[in-house]
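Asker:
2 protein chains.
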Amino acid sequence: MVVDKVGEGLADEIFHALADATRRDIVRRAILGDHSVSALAGYYPMSFAAVQKHVAVLERAGLVSKRKCGRRQLVKTEIHTIHIANQLLEEIEAVWRARLERFDEVLAEADQGANP
Amino acid sequence: MVVDKVGEGLADEIFHALADATRRDIVRRAILGDHSVSALAGYYPMSFAAVQKHVAVLERAGLVSKRKCGRRQLVKTEIHTIHIANQLLEEIEAVWRARLERFDEVLAEADQGANP
DNA sequence: CTTATCTACAACCATTCGGTTGTAGATCTA
DNA sequence: TAGATCTACAACCGAATGGTTGTAGATAAG
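As you go down the protein sequences, you meet chains A and B in turn. Going by my numbering, the first residue of the first sequence is number 12, and it counts up by one from there. Going by my numbering, the first residue of the second sequence is number 12, and it counts up by one from there.
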């Protein structure tokens, strides 16, 4: 299994990119099919330039990629980066589970000591 | 199963709270055992007040809770909120998998049509 | 060729963020 | 009681965010 240790800086960028409802919506839309930036801009009550900036934030975080197609720039979600974020949270939950196990172990030892 | 539909505003706060290495570290430490705010402050190269603000951000997002114990304020990670964030990402991955299934379906239909 | 569309980017502005210092209240300890 | 510790909170500051408008270059369409 590939470990893919992700740096704190990248984690910062990924979570920051996800901390905005418009950007999360762009990610969801760009899963189902590629959208041009101006097509995406049509969905939100803000200027084209604003949406362009949101896409740029997502792109810097690696959550989205763009490929040129004529005069359009097609935006596609990079599901792998979503998975990286998911794993970061999973690691935290793993620490939680490990703590529970350690707790159970102590309980078992106490049982053994009290019931020889 | 409880659905627990999470509002966009809460999602914003959760991901924003996670978009900082110091705050993620606080979350990890406060899983293993309760820490006072000043104990946490000892781990980071910044003032007590700065760490206090980080804890406040985590608390507003529901990632952490505080309980008073004498003159100290003990910080504890709320694993449920981590799980909520995890589910939000899982939903996005689910959309991806659904798209793959639809794609496979179309391929199967094409096979059926081309191979009667 | 001319015009419309799509994109990139700069400049600007208000607000938020992440840090600081300082002050004051509450609680433990000598 | 006096002093040390822990916390809360306000005020301030520079940098980043999230939005705007405007300008200019590529590409498609008439």
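Note that beta-carbon positions come from the ideal geometry of N, C-alpha and C, so glycine has one too.
Quick one: Cα of residue 60 of chain A to Cα of residue 93 of chain B, how far?
Answerer: Rounded to the nearest angstrom, the two C-alpha atoms are 33 Å apart.
Asker: Residue 83 of chain A CB to nearest chain B CB: under 8 Å?
Answerer: It does not; no Cβ of chain B falls within 8 Å.
Asker: Taking a Cβ distance cut-off of 7 Å, strictly less, list which residues of the region 69-80 of chain A are near chain B, in chain order.
Answerer: So nothing in the stretch comes that close.
Asker: Measure from the alpha carbon of residue 36 of chain B to the alpha carbon of each residue in B:21, B:62, B:71, then state which is nearest.
Answerer: Closest option to residue 36 of chain B, Cα to Cα, is B:62.
Asker: Beta carbons nearer than 9 Å to chain B: which residues of the region 14-30 of chain A have them?
Answerer: Cβ contacts with chain B come from 19, 20, 22, 23, 24, 25, 26, 27, 28, 29, 30.
Asker: So with CB distances below 8 Å, who are the chain A contacts of residue 43 of chain B?
Answerer: Chain A residues near residue 43 of chain B: 106, 110.
Asker: Among A:109, A:34, A:103, which residue has its Cα nearest to the Cα of residue 57 of chain A?
Answerer: Looking at the Cα atoms, A:34 is the closest of the given residues.
Asker: Taking residue 100 of chain B as the query, report the chain A residues whose CB atoms sit under 9 Å from its CB, ordered along the chain.
Answerer: Ordered by position in chain A, the residues that pass the 9 Å Cβ test against residue 100 of chain B are 29, 93, 94, 96, 97, 100.
Asker: Per DSSP, what are the beta-bridge partners of residue 84 of chain B in this structure?
Answerer: In the DSSP output, where bridge partners are listed per residue, residue 84 of chain B has B:79.
Asker: In the DSSP assignment, what are the bridge partners of residue 47 of chain A?
Answerer: Looking at the DSSP assignment, residue 47 of chain A forms a beta bridge with A:85.
Asker: For residue 89 of chain B, which of B:49, B:108, B:78, B:110 has the nearest alpha-carbon?
Answerer: Ranking B:49, B:108, B:78, B:110 by Cα distance to residue 89 of chain B puts B:78 first.
Asker: For residue 90 of chain A, which residues in chain B fall below 7 Å Cβ to Cβ?
Answerer: In chain order: 104, 107.
Asker: Would you call residue 91 of chain B buried or exposed, if buried means 16 or more other Cβ atoms sit within 10 Å of its Cβ?
Answerer: Exposed, because fewer than 16 other Cβ atoms sit within 10 Å of the Cβ of residue 91 of chain B.
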